[in-house]
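Asks:
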Amino acid sequence: MNSNFILNLIRFIVLLTIQIVVLEQVKLGGWINPYLYILFIILYPINSNKSGFIAASFCLGLLMDLFCDSGGVHATASLLLAYFRPFFLKFAFGLSYEYQTIRIADKLSVDRFTFIISAIVFHHFILFCLELYRFDLFFEIISRTILSTIFTFAICIISLYLIKPNKR
Amino acid sequence: MQQIIIFLIKNSYKLLFLLLLGISLTLTIKSHSYHRSQYINSSSAFSGYTYSQINSVKEYFGLQQKNEDLARENARLKEILFNKKDTILESKIVVPNILSDFVVRQAKVIKNSYTKQENFLTLGKGSFEGLKTDMAVISDKGVVGIIEKTSKNYATVISILHTKNPLNGKIKNSDHFGSITWDGKNAGYVQLIDVPKLATLKKGDTIVTGAQSSIFPENIPIGKIEQIFAEKTSNKFVINVRLFNDMTSLGYVYVIENKKKKEKETLEAETEKDPTKQ
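Heads up: the sequence lines are chains A and B, in that order.
For our numbering, add 964 to where a residue sits in the first sequence, where the first one is 1.
For our numbering, add 980 to where a residue sits in the second sequence, where the first one is 1.
1) Compare the C-alpha of Ser1139/B against each of Ser1036/B, Gln983/B and Gly1168/B and name the closest.
2) Can you pull the chain A residues whose beta carbon is under 8 Å from the beta carbon of Leu1284/B, in chain order?
3) Chain A beta carbons: is any one of them nearer than 8 Å to that of Ile1034/B?
4) Can you look up Ser1159/B in the DSSP assignment and give me helix, strand or coil?
5) Among Asn968/A, Asn1011/A, Ile984/A and Gln989/A, which one has its Cα closest to the Cα of Trp1002/A?
6) Where does Arg1098/A sit, in a helix, a strand or coil, going by DSSP?
7) Taking a Cβ distance cut-off of 8 Å, strictly less, list which residues of the stretch 984-999 of chain B are near chain A, in chain order.
8) Need the endpoints of the beta strand (DSSP E) that Leu1147/B sits in, please.
9) Confirm, please, whether the CB-CB distance from Gly1035/A to Leu998/B is below 8 Å.
10) Lys1054/A CB to nearest chain B CB: under 8 Å?
11) Could one say the Cβ of Lys1129/B lies closer than 8 Å to chain A's Cβ atoms, at least one of them?
12) Please say whether Thr1189/B and Ile1205/B have beta carbons closer to each other than 8 Å?
13) By the 10 Å Cβ neighbour count, where 16 or more other Cβ atoms means buried, how is Pro998/A classified, buried or exposed?
14) In chain A, which residues lie with their C-beta within 8 Å of the C-beta of Ser1027/B?
15) Who does Gly1203/B pair with in a DSSP beta bridge?
16) Measure the alpha-carbon distance for Val1074/A versus Leu1091/A and round it to whole angstroms.
17) According to DSSP, what are the bridge partners of Leu1103/B?
18) Within 8 Å of any Cβ in chain B, is that where the Cβ of Val985/A sits?
19) Within a Cβ cutoff of 7 Å, which residues of the same chain sit near Phe1017/A, ignoring the five residues on either side of it in sequence?
20) Do the stretch 1190-1199 of chain B and the stretch 1143-1159 of chain B meet, that is, are 3 or more Cβ pairs less than 8 Å apart?
21) Could you pull the DSSP bridge partners for Ala1116/B from this structure?
22) Considering Cα atoms alone, identify which of Leu979/A, Ser1012/A and Thr1109/A is closest to Tyr993/B.
23) Please identify the residue among Ser1214/B, Ile1219/B, Ser1194/B and Tyr1234/B whose C-alpha is closest to the C-alpha of Glu1243/B.
24) Identify which residue in Ile986/B, Ile1126/B and Lys1121/B has its Cα closest to the Cα of Asn1265/B.
25) Pick from Leu1000/B, Ile1003/B and His1012/B: whose alpha carbon is nearest that of Lys1144/B?
26) According to DSSP, is Asn966/A part of a helix, a strand, or is it coil?
27) Please classify Arg1056/B: is it buried, with 16 or more other beta-carbons within 10 angstroms of its beta-carbon, or exposed?
28) Provide the residue(s) that pair with Lys1216/B in DSSP beta bridges, ordered along the chain.
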């Protein structure tokens, strides 16, 4: 449990640093930005303290807002993703989630792809809705969600392959 | 009482979620509804420091471009300097020295954004060097924005690319003015609205800052007219203005302080109040 906490703390700091120092400077095509930091929310251990989980996700989002001057946009999106993560897990993994036997960062299978993609789409959609904050820009919201999802997903998968945690 | 405590403990997870959701939504909505009430911003010491560190690395990649810009501006200033003698000899009209009202300071942009609806920049100078809220920020090519908040060593700037930050603009060489807004779509263009249809204008005309603003000096260039639309419901023009500035790459900027801003504003406020007294 303790080593789990430290692992998550390190993940929190490393992902936030990468996001702010490197990825915030990347503006693909002018405005497409990958948001790698939500990997923290995706990878957080499933059977751990729920309150601690949503509080940590909220803090992560709030720190992002601090650096991006975006009010509370990232905090809201991260918090909602953390709160609704069990639904996405159930949706992607079905029965095996009920028995709490899955590890998200394990082998990359179709289930895991489904889970990661649905989580990213959900997060990005809320993020861009709140950021653009105008319904007449609905198609802009959709196109930004789709394009950013592609890049976030690609970068998430690459980093999952690179830092595959010690196989057990 | 016991019931309440048991209820709180039982539902602590949901209550925590609702509390955090409330906080984050409040922050979001406040940041959109009224731009002055942003609590969390990047002029704080911690994030300001981080951004100035990141920027000191990033600067190396743009040195050549910055050198070229500086050389070009030097050339332009030299041109003015060398031409000045002639004009003094030629004309005896006293040109009002407008710049004596204004103090110009140089600052570095350490964080820039242009992809959102409400964009802010962060400068590497703050109140310690005399920067205050509501000072004008320009670059060598044109208008950049207005200072929003300052901390000791950093300042945030509302960019011209901000959907709720109207500026006063006019067509150069005519006194028809309107307000500059941004539709939130393309970082290369802003819109000049509320120009009466009486105004004569054509594609390629220069748009500059108007005299109404007490923040900007008059005649600071903004952009060039690219497209003109006539509004059907009113007798106003909507004009698409191509910015002179490339807002996506800003290095050093100038911060302009209007020394007589307060005087002008108090006078205007008093004048508006007066009729109600009578």
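Using N, Cα and C, we set each Cβ at its ideal position, and we do this for glycine too.
Replies: Well, looking at it:
1) Gly1168/B
2) The displayed coordinates of chain B run from 981 to 1258. Any statement about residue 1284/B would go beyond what the structure contains.
3) yes
4) strand
5) At residue 1002/A the sequence reads Ile, which differs from the Trp that was named. Here the closest residue by C-alpha is Ile984/A.
6) coil
7) Ser992, Tyr993, Leu996 and Phe997
8) Leu1147 to Ile1151
9) no
10) no
11) no
12) no
13) buried
14) Leu1030 and Phe1031
15) Ile1187/B and Leu1223/B
16) 25 Å
17) Val1089/B and Ala1135/B
18) yes
19) Tyr1008 and Ala1046
20) yes
21) Ile1126/B and Ile1236/B
22) Ser1012/A
23) Ser1194/B
24) Since the displayed chain B opens at 981 and closes at 1258, residue 1265/B lies outside it and no answer follows.
25) His1012/B
26) helix
27) exposed
28) Pro1176/B
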